[in-house]
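Quick note: the sequence shown uses the numbering used here, first residue 4, plus one each step.
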Amino acid sequence: MGFYSSTALELLCRLIRRDNPQLAVPLDPNTVMVLSGPLTTGLGTSGRNTRVILNGRTGSGITGKKEFFYDRLNIGTFFNGITVVFEAEGSASTYADLLPSLNEQYGLGLTADDLANPTTVLPYGYSATTVTLNIASSSLAYTGKLDVTWTRKPVGIYPESGPGSKVLLIGSLNEGYFGVVSEEELFSPMAMLAALNEGQEIPAGSLYGLPTVRNWFKFARDGKIIYLANYGHMAISWQDLYVRGAVYETDVPEDQQYPTTDAHVPQRMVMRKREAGRDWYLSPCLPRLSTTDPWDPKAGPSPDPTGDIARLFSKIIIAGGVATGEWDGQTSETANFLYVNSAVDTTRAYGSNMVASSQSEDLKSANTRYRPMLELVNLDKMPVPLENFIGTPEGVLRKPLFSIEPDTSDILLTVSDIAWEIQGALNPPLTALMSEPPVTVTDIGWAQELRTPIVEGESSPPSVVTDIGWHQPNRTPTVTVTAEYTEVEPQNLADCNGELLGFK
Numbered sequence: 004m005g006f007y008s009s010t011a012l013e014l015l016c017r018l019i020r021r022d023n024p025q026l027a028v029p030l031d032p033n034t035v036m037v038l039s040g041p042l043t044t045g046l047g048t049s050g051r052n053t054r055v056i057l058n059g060r061t062g063s064g065i066t067g068k069k070e071f072f073y074d075r076l077n078i079g080t081f082f083n084g085i086t087v088v089f090e091a092e093g094s095a096s097t098y099a100d101l102l103p104s105l106n107e108q109y110g111l112g113l114t115a116d117d118l119a120n121p122t123t124v125l126p127y128g129y130s131a132t133t134v135t136l137n138i139a140s141s142s143l144a145y146t147g148k149l150d151v152t153w154t155r156k157p158v159g160i161y162p163e164s165g166p167g168s169k170v171l172l173i174g175s176l177n178e179g180y181f182g183v184v185s186e187e188e189l190f191s192p193m194a195m196l197a198a199l200n201e202g203q204e205i206p207a208g209s210l211y212g213l214p215t216v217r218n219w220f221k222f223a224r225d226g227k228i229i230y231l232a233n234y235g236h237m238a239i240s241w242q243d244l245y246v247r248g249a250v251y252e253t254d255v256p257e258d259q260q261y262p263t264t265d266a267h268v269p270q271r272m273v274m275r276k277r278e279a280g281r282d283w284y285l286s287p288c289l290p291r292l293s294t295t296d297p298w299d300p301k302a303g304p305s306p307d308p309t310g311d312i313a314r315l316f317s318k319i320i321i322a323g324g325v326a327t328g329e330w331d332g333q334t335s336e337t338a339n340f341l342y343v344n345s346a347v348d349t350t351r352a353y354g355s356n357m358v359a360s361s362q363s364e365d366l367k368s369a370n371t372r373y374r375p376m377l378e379l380v381n382l383d384k385m386p387v388p389l390e391n392f393i394g395t396p397e398g399v400l401r402k403p404l405f406s407i408e409p410d411t412s413d414i415l416l417t418v419s420d421i422a423w424e425i426q427g428a429l430n431p432p433l434t435a436l437m438s439e440p441p442v443t444v445t446d447i448g449w450a451q452e453l454r455t456p457i458v459e460g461e462s463s464p465p466s467v468v469t470d471i472g473w474h475q476p477n478r479t480p481t482v483t484v485t486a487e488y489t490e491v492e493p494q495n496l497a498d499c500n501g502e503l504l505g506f507k
């Protein structure tokens with residue numbers, strides 16, 4: 004469908020050029036603009052279903068305006084007998100976001116301007132889902148509607164995202180959803196209560212009865228991974244959670260924390276969960292109603308757009324309150340759960356359910372339904388405290404090979420202070436030290452056995468050193484140097500006639 008891969012205006016210009024080959028200047032989106040239309044009136048006897056008036060752009064070589072009649076295509080008829088099926092990107096959130104995948108697969112050039120419902124929120128579409136794309140009356144090229152069946156592609160796989168599924172189903176790491184995590188993959192109410200009271204002199208909190216369905220919802224928010232329980236685990240006060248370090252996220256500074264007193268407690272409680280040989284560390288905390296402070300919790304049921312209700316929770320609930328159901332089809336309980344408080348009143352904590360249909364407040368000292376949230380701890384940014392080690396030894400513990408009696412601390416020991424003790428099947432030491440009678444270092448010596456030489460020399464009769472000598476033969480030179488020798492006879496100068504032999 005290469006012809007239809009153009010945008011609506013490009014497609015219109017191509018139709019005009021096809022029916023009007025005599026035009027001196029070719030029409031395209033760079034040379035003309037729509038002055039009026041598309042219109043369905045004043046068609047006269049043209050036999051076409053649409054009228055449009057185009058005007059030339061400045062500097063294009065086209066002046067004035069001209070009326071054209073043409074036929075817009077009913078897109079439903081265009082796909083008559085064809086089931087339109089495709090996969091959309093995991094980040095798709097509106098009907099308009101389906102168009103890139105639809106265009107690529109079927110060779111179209113639809114844009115958001117061609118749709119009457121481009122901003123309609125998509126369902127989550129984890130399985131095949133049918134939606135209807137209605138064509139806008141202002142579309143230059145198309146009319147009608149098109150039913151499409153689409154499936155959402157996973158956004159991506161994130162191996163470092165903590166317990167549960169590592170596949171981000173929808174959204175992004177700024178605002179996204181991984182799906183449901185079973186309670187076995189995280190923590191039960193009993194485990195949560197035990198962790199909260201570990202090391203505390205006075206325990207706090209009382210468990211509720213367990214519902215039939217028990218799990219956690221896994222989200223991504225602002226680059227963090229967080230989990231929210233699907234039901235209230237226990238009754239406990241805000242202040243009891245705070246003194247245990249389980250109210251604020253690990254990166255919230257103290258000047259943005261509001262305990263009932265000035266005694267700030269580090270919000271760094273950590274729980275460990277082992278998954279397939281890997282240890283994950285999670286910090287209990289409370290959801291955020293807003294990042295704006297102070298925030299007025301009595302302003303009404305509409306959640307603050309910066310809070311977790313608007314950004315995350317309402318998107319997985321199918322109905323009620325401000326639920327959109329765009330990420331999942333979960334149902335919500337109506338019980339409140341605690342949130343961080345506002346600076347409006349530092350003595351009170353505020354809560355809401357997942358869709359803001361029920362909101363309330365209570366004293367921080369009052370026991371209220373606690374629905375825990377967990378933050379996956381980034382070990383690169385926060386050190387994890389040491390844990391108490393509890394285990395059961397396997398096998399039989401064995402005494403050390405030697406013991407020191409008495410404990411002399413840093414005093415230097417003498418040999419007599421060391422006693423050997425053989426225990427069980429241990430082999431005795433190679434050297435036994437006896438202290439009766441006391442021995443000194445001089446009484447202990449090492450004897451080293453000499454090894455038998457490989458070659459044994461024998462002298463018969465015995466010889467002395469003077470009988471042994473070295474003899475080295477001289478080597479004959481390989482080159483002999485010779486030279487002619489002429490004997491020079493002395494000559495008396497008195498016998499010469501003025502000439503010296505050899506000089507000129």
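Ideal Cβ positions, reconstructed from N, Cα and C, are used throughout, including at glycine.
Please name the residue or residues paired with residue i in a DSSP beta bridge.
i    : result
D258 : BP columns for D258 are empty, so no partner.
G174 : G179
C288 : M376
N120 : Answer is none; N120 lacks a bridge partner.
A232 : W219
T371 : I239
W153 : F89, T132
V55  : F71
D22  : BP columns for D22 are empty, so no partner.
R351 : L366
R275 : Y284
I160 : V170
Q270 : Per DSSP, none; premise fails for Q270.
V512 : There is simply no residue 512 to check, as the chain begins at 4 and stops at 507 in what is shown.
I138 : L118
Within 10 angstroms of its Cβ, does residue i collect 16 or more other Cβ (buried), or is it exposed?
i    : result
V88  : exposed
M193 : exposed
F316 : buried
G67  : exposed
I239 : buried
A11  : buried
P41  : buried
S46  : The sequence shown places Leu at residue 46, rather than the Ser named in the question. The residue in question, L46, is exposed, as its Cβ has fewer than 16 Cβ neighbours within 10 Å.
L149 : buried
I19  : buried
R21  : exposed
P206 : exposed
A279 : exposed
A249 : buried
M36  : exposed
L244 : buried
P162 : exposed
G258 : It is Asp, not Gly, that sits at residue 258 in the sequence shown. With fewer than 16 Cβ atoms within 10 Å of its Cβ, D258 is classed as exposed.
L382 : exposed
L14  : buried
G62  : exposed
I138 : buried
S142 : buried
For the candidate residues the options, whose alpha-carbon lies nearest to that of residue i?
i    : options                : result
S361 : E378, Y373, A352, F340 : F340
K227 : G179, A249, D243       : G179
G147 : S355, S63, N120        : N120
D254 : P157, P269, R351       : P269
T123 : L111, S130, L136, A223 : L136
F181 : P157, M195, S355, E187 : P157
Q260 : W283, L289, D31, T97   : L289
V151 : V216, L189, I85, S141  : I85
L189 : S175, L102, F220, I160 : F220
Would you mind giving the Cβ-Cβ distance between residue i and residue j, rounded to the nearest angstrom? I have them listed as a contact below 8 angstroms.
i    : j    : result
A51  : T34  : Reading off the sequence shown, one finds Arg at residue 51, where the question assumed Ala. Actually they are not in contact, since the Cβ atoms of R51 and T34 sit about 22 angstroms apart, beyond 8 angstroms.
A115 : R155 : About 19 angstroms; that fails the 8 angstroms criterion.
M272 : S293 : At roughly 23 angstroms, the Cβ-Cβ gap does not stay under 8 angstroms, so M272 and S293 are not in contact.
Looking at residue j and residue i, is the spacing between their C-beta atoms short of 7 angstroms?
i    : j    : result
T132 : P126 : yes
P214 : Y230 : no
K318 : P166 : no
F72  : S49  : yes
S191 : N218 : no
I320 : M376 : no
R75  : T44  : no
A352 : I312 : no
K367 : Q203 : no
Y284 : V380 : yes
G310 : R281 : no
L111 : Y7   : yes
G93  : I173 : yes
For the ligand FAD, is there a heavy atom less than 6 angstroms away from the beta-carbon of residue i?
i   : result
A99 : With respect to the ligand FAD, the structure shown offers nothing to examine, as it has no ligands at all.
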